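Undergrad: Sequence order for the protein chains is S and E.
The working numbering puts the first sequence at residues -15 to 85.
The working numbering puts the second sequence at residues 3 to 265.
Glycine residues also receive a C-beta, built at the ideal position from the N, C-alpha and C atoms.
Values in this document were obtained by computation on a predicted structure and should not be read as measured data.
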Amino acid sequence: MTVLLLQILALRILALSILALSGGLELLPLEQPPALPESAIQASQVPGVETDSPADFRSQYPAGVAWWGTWEGATGEARRSGKPILLLSAAPQCHGIPGIW
Amino acid sequence: MDQSLWSDPLVIEASRKFVCARLATYEDAGEGKFLEGIYRGRSGQLENTVFVILTSDGKTRLSRSGRSPTMVFGGAVGWEGTVLALEMENIAEAHPPPKDHKSADGPSLPIAKSVRLAVNIAACDRLPLVISSGLDDAQLQSLATVGWKEPYLGRFSWAATDEPAQLKKVGIEKPSAGIWIVQPGDFGLQVEVIAKVAADADQQTIARALDQVLETSRRAQKYTRAHVQQGQRLGKKWQTEIPVTDPGIPPQGRGRPGRRPGE
């Protein structure tokens, strides 16, 4: 079991190192605190107490992929930017019920 | 669609090197035909989800195609995001934008096909939606400039229309020209207006309104089974533009059980 855990850890470190070397990952300093669970963030938001910290709302709406919703729009942007296209399709309904992927 | 995969910070970081297109399956006949050409499952018909990476002209595949990134790139449970991010980084590095490729214009707004569809998609993503109504080209470009900045990038859905009737259909009682910031209902059929900004508002005013929405609204929690059951009880229905052809039975060895047909 311990060997398996060590192997998983080594693999994770290797993957992150490759990503860092390729410039795709900005390594955080070691002292960076881990993200708080949502329950802890909610608990810290006392009603009536205002805060200017952008981290508070970003915890509610974490960063996301900026999706183009149409093929026409996406190809227009790809022509403009020269970037490759990551194409995904998904159905915005489940059993005919909207509001869920 | 596995939303946890697309909210992985490594994937989001890598996504900035791509134009990320997420087409709504079964919501456009032309796009449906195009997607069928990209990937068809064993049923031989268009399935709920399709994934591929293409060159910037959209003509050459840079990855295999499949139902999902996990089907294309693999990745053990818990590692799918890391594997996808690594593959994306490798592809982006091998196919960067040409050095002489420069455009004077900024990106336009990444809008959905219609307001109706945008409301549904925003509900699926559990994001606020910005609807521009009756804006001229310069006003649209100004809105797009704000929309592509942090922290707004990827935190809002977008739609545009010149028809007030489209706003009325989703529950905006007195539609008029301007920038409507709305919260979609749980089932993505109606909206609640959170803020409205004048069509000719400057970028600072627009940004302030978007900030306020991010600060004051809260992202809903959704669980597929409970959502579907509640929708069926309440009689909420979505009419797709073209027939749903996904057989809804996962072929052996592809994907994981329990996510069909919405994935």
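Can you tell me whether Lys198 of chain E is helix, strand or coil according to DSSP?
TA: strand
Undergrad: Check the Cβ of Lys73 of chain E against every Cβ in chain S and list those closer than 9 Å, keeping chain order.
TA: For clarity, residue 73 of chain E is Met in the given sequence; the question names Lys instead. Those do not exist, as Met73 of chain E stays about 12 Å from chain S at its closest Cβ, beyond 9 Å.
Undergrad: Whose C-alpha, out of E:Val79, E:Val54 and E:Lys61, is nearest the C-alpha of Ser70 of chain E?
TA: E:Val54
Undergrad: Closer than 7 Å to a non-hydrogen atom of the ligand SAM - does that hold for the CB of Glu56 of chain S?
TA: By its list of ligands, the structure shown contains no ligand whatsoever, and the ligand SAM lies outside what it can speak to.
Undergrad: Looking at the strands, I want to know which residues DSSP matches up with Val246 of chain E.
TA: According to DSSP, Val246 of chain E bridges with nothing at all.
Undergrad: Kindly indicate if chain S contains any beta-carbon less than 8 Å away from that of Ala114 of chain E.
TA: yes
Undergrad: Does DSSP put Pro100 of chain E in a helix, a strand or coil?
TA: Coil, per DSSP.
Undergrad: Sort S:Gly57, S:Ala75 and S:Ser65 by Cα distance to Ala106 of chain E and report the nearest one.
TA: S:Ser65
Undergrad: Just the Cα atoms here: how many angstroms apart are Asp248 of chain E and Asp202 of chain E?
TA: 45 Å
Undergrad: Tell me which residues of the stretch 37 to 60 of chain E have at least one Cβ-Cβ distance to chain S shorter than 8 Å, keeping chain order.
TA: Leu37, Ile40, Asn50, Thr51, Val52, Phe53, Val54, Ile55, Leu56, Thr57, Ser58, Asp59 and Gly60
Undergrad: Rounded to the nearest angstrom, how far is the Cβ of Val195 of chain E from that of Val184 of chain E, given a contact under 8 Å?
TA: 5 Å
Undergrad: Looking at chain E, which residues of the stretch 50 to 74 of chain S have a Cβ within less than 8 Å of any of its Cβ atoms?
TA: Ala50, Trp51, Trp52, Gly53, Thr54, Trp55, Gly57, Ala58, Thr59, Gly60, Glu61, Ala62, Arg63, Arg64, Ser65, Gly66, Lys67, Pro68, Ile69, Leu70, Leu71, Leu72, Ser73 and Ala74
Undergrad: Beta-carbon within less than 7 Å of Leu12 of chain E's beta-carbon, same chain only, minus the 5 sequence neighbours each way: which residues are those?
TA: Gly83, Thr84 and Ala87
Undergrad: With 8 Å set as the bound, which would you pick, yes or no: does the beta-carbon of Val33 of chain S sit closer than that to a beta-carbon of chain E?
TA: For Val33 of chain S, the predicted model reports a pLDDT of 35, less than 50, meaning its position is unreliable; a value from the coordinates is still stated below. It does not; no Cβ of chain E falls within 8 Å.
Undergrad: Would you mind telling me which residues of chain E sit closer than 7 Å to Gln(-9) of chain S, beta carbon to beta carbon, in chain order?
TA: Correct list: empty, because the minimum Cβ distance to chain E is about 12 Å.
Undergrad: Chain S beta carbons: is any one of them nearer than 8 Å to that of Leu155 of chain E?
TA: At least one beta carbon of chain S lies nearer than 8 Å to the beta carbon of Leu155 of chain E.
Undergrad: Which value, in whole angstroms, describes the spacing of the CA atoms of Ala179 of chain E and Leu191 of chain E?
TA: 21 Å
Undergrad: Name the chain E residues that come within less than 7 Å of Ala(-6) of chain S, Cβ to Cβ?
TA: Chain E residues near Ala(-6) of chain S: none, gap ~13 Å exceeds 7 Å.
Undergrad: Which of helix, strand or coil does DSSP assign to Arg24 of chain E?
TA: strand
Undergrad: In angstroms, rounded to a whole number, what distance separates the CA positions of Arg42 of chain E and Gly68 of chain E?
TA: 8 Å
Undergrad: Quick check on the burial criterion: 16 or more other C-beta atoms within 10 angstroms. Buried or exposed for Pro100 of chain E?
TA: exposed
Undergrad: How would you write the range of the beta strand (DSSP E) that Ser73 of chain S sits in, first residue to last?
TA: Ile69 to Ala74
Undergrad: I'd like to know if the stretch 107 to 120 of chain E and the stretch 159 to 178 of chain E are in contact, where contact means that at least 3 CB-CB pairs between them fall below 8 Å.
TA: A contact between stretches requires three or more CB pairs, one per stretch, nearer than 8 Å, and the stretch 107 to 120 of chain E meets this requirement with the stretch 159 to 178 of chain E.
Undergrad: Look at the Cβ atom of Phe189 of chain E, then the Cβ atom of Lys238 of chain E, and state whether they are nearer than 8 Å.
TA: yes
Undergrad: Buried or exposed: where does Leu145 of chain E fall if 16 or more other Cβ atoms within 10 Å of its Cβ makes it buried?
TA: buried
Undergrad: Check this for me: beta carbons of Pro166 of chain E and Ser135 of chain E, under 8 Å apart or not?
TA: For Pro166 of chain E and Ser135 of chain E, yes; Cβs fall inside 8 Å.
Undergrad: Leu142 of chain E versus chain B: which residues are under 9 Å apart at the beta carbon?
TA: Protein chains in the displayed structure are S and E, and chain B is not among them.
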